[in-house]
Every structure is written in structure tokens, then in C-alpha cells.
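Heads up: the sequence shown runs through residues 67 to 300, numbered per the numbering used here.
Ideal Cβ positions, reconstructed from N, Cα and C, are used throughout, including at glycine.
Notes for the one structure printed next.
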Amino acid sequence: MSPGFQLVTQEYSDREYWNERYAKSDGSCFEWYQRYDTLKLVINPLIPKDVPVLQVGVGNSRLQLDMAQEGYTSITSIDYAEVVIYQLQQSHQQYPQLQYEVADARSMPQYADSSFEAVLDKGTMDAMACGEHAAADIHDFFTESSRVLTPGGVFLGISYGSPKSRLHCFMSPDFGWDTVLYTIDRPSGPPSKGASCADGKQAVISGPFQPEEALKLLDTDSDNVHYVYVCHKR
């Protein structure tokens, strides 16, 4: 594993681990990090509801379902774990605005250049960061994400990783991105139940922080916030 990445568990970067995990589940959702009712404070101002959106590493999230129910008209969600894609296809047949496809975010030849105006990632980069080839995998992921984005499109990456361990991943000139950072309060309860913030208060979103500012102010991982990396393609 490359320097700068914290090992959580290498299983998180393994396709078979995820297929087995989803095969043993009852098909219910599990929301990593944040729910849409909080993330929409960042998502809605940046992503119009009538543009094509790609969500990578969807897992058994309901983020895309919540977005569709609030008016988003075209969301393609991918995962390399075919078990969960099949589950989602069966569960959401009544939502024509939601498409589910088996695909690996590191290589997406099925999508043409400039196919999407937004790419959403909630934890995929963090899972890749657990693997043996973390730096190469993340670089390939971001290269492909940039390729399928339209000029002026936006990549949103939600992560537990602070700028000290993650920001450099977004800064390669290969991607052609201008990056800023937000923080958002962590929920107070188990992610599977999509808990709201402590004491039922509205989550506090701070930012945007420019890269140099973020490195100075947010230099360590925090148990209190998640990090939202917002990258606009030039």
C-alpha cells in the first residue's frame, strides 16, 4: 500500500468480498457516511436535476433513489459487484430515471467521453485506498471520471479522509480539475439507520476551502466531520 493511505481493511478493495457481503444481506440499504437529506445541501446547488449523473460504487445505497424522488431525471449507478446491481435492478424497476450497470470505475469503456455532467462517489475512493495498489487504482478511477465528465462538469467525492491523506489524489494535472473542499458534520448513529446529526440538529456544512487553506485548517482526520471534495473539470 502506498504512503499517505491509512489501511482500514484490504477486504474493502476486493470484489469477491463485496459480492459475498451483498449475497448475505437481505437487500436493505446501508448508507455509508451521509444520507441525501444532508448531502443535498451540497449536491443540489452543484448538480441540476435534468442532467445525466453517474454514481460510482453504488453498493446498497439509496442516495440515487432519494435523488430521483426529489426530481433528478437521469442517474446511472455502477458497481463492480454484480450481486448488488442485480438486487437494485429488481428493487427499483418502477424508476425509469435510475439505471444500474455492472462496471469498474477504474475502466469504463462502455461510456463515451463527456457522457455525464456529474460524477458522485461516496466511499469508493476510500475503499480503493485500502488496497495494495491504492495510488494506481485511484489515479485510474479519477482519470476515467474526468474522461466521462463534460467540460464544466463536477466530480463530488465524499470521504472520511482529511486533505492530508486525500487532497493530493485530486490534484494531478492529468484530470484537469479545480478542487475545493467542504466539511459536513458526521451523523451521530449507525450508518445503516441513516442517523441525523447529534441532538437532531441540522448538519453544519463548512466551506468551500481552497486546497492550501484546507491543508492548513484540516490537517488531520476528524471523528466529527466527513469531507466533500468538489472538483470542476476545466
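From the listed residues S94, I109, G125, the smallest Cα separation to N85 is found for G125.
Counting only runs of 4 or more residues that sit fully inside the segment 167-241, the alpha helix (DSSP H) segments are 190-194, 200-214, 229-236, in chain order. For C297 against F236, the beta-carbon gap comes to about 6 Å, under 8 Å, which counts as contact. Looking at G137, S173, S127, M174, the one whose alpha-carbon comes closest to that of Q155 is S127. Taking every protein chain shown into account, the CB of Q159 has fewer than 16 other CB atoms within 10 angstroms, so this residue is exposed. Excluding sequence positions up to five before and after A280, its CB lies within less than 7 Å of the CB of P229, L233, L247, all in the same chain and listed in chain order. Counting the other Cβ atoms within 10 Å of the Cβ of E183 gives 16 or more, which makes it buried. Here S231 is buried. Its C-beta has 16 or more other C-beta atoms within 10 Å. In this structure, the beta-carbon distance from S143 to Q121 falls below 8 Å.
Residues of the same chain with a CB within less than 6 Å of the CB of D206, apart from the 5 flanking positions on each side, are R172 in chain order.
A straight-line Cα-Cα distance of about 27 Å links G273 and A201.
Going by beta carbons, G223 and M191 fall inside the 8 Å limit.
For I271, the enclosing beta strand (DSSP E) covers residues 271-275. Here L215 really is in contact with F221; their C-beta atoms are around 7 Å apart, less than 8 Å.
Listed in chain order, the alpha helix (DSSP H) runs fully inside the segment 112-148 are 129-135, counting runs of at least 4 residues. Separation of the CB atoms of Y99 and V150 is rounded to 17 Å, and the pair is thereby denied contact status at 8 Å. DSSP places Q155 within a helical segment (H, G or I) once states are collapsed to three.
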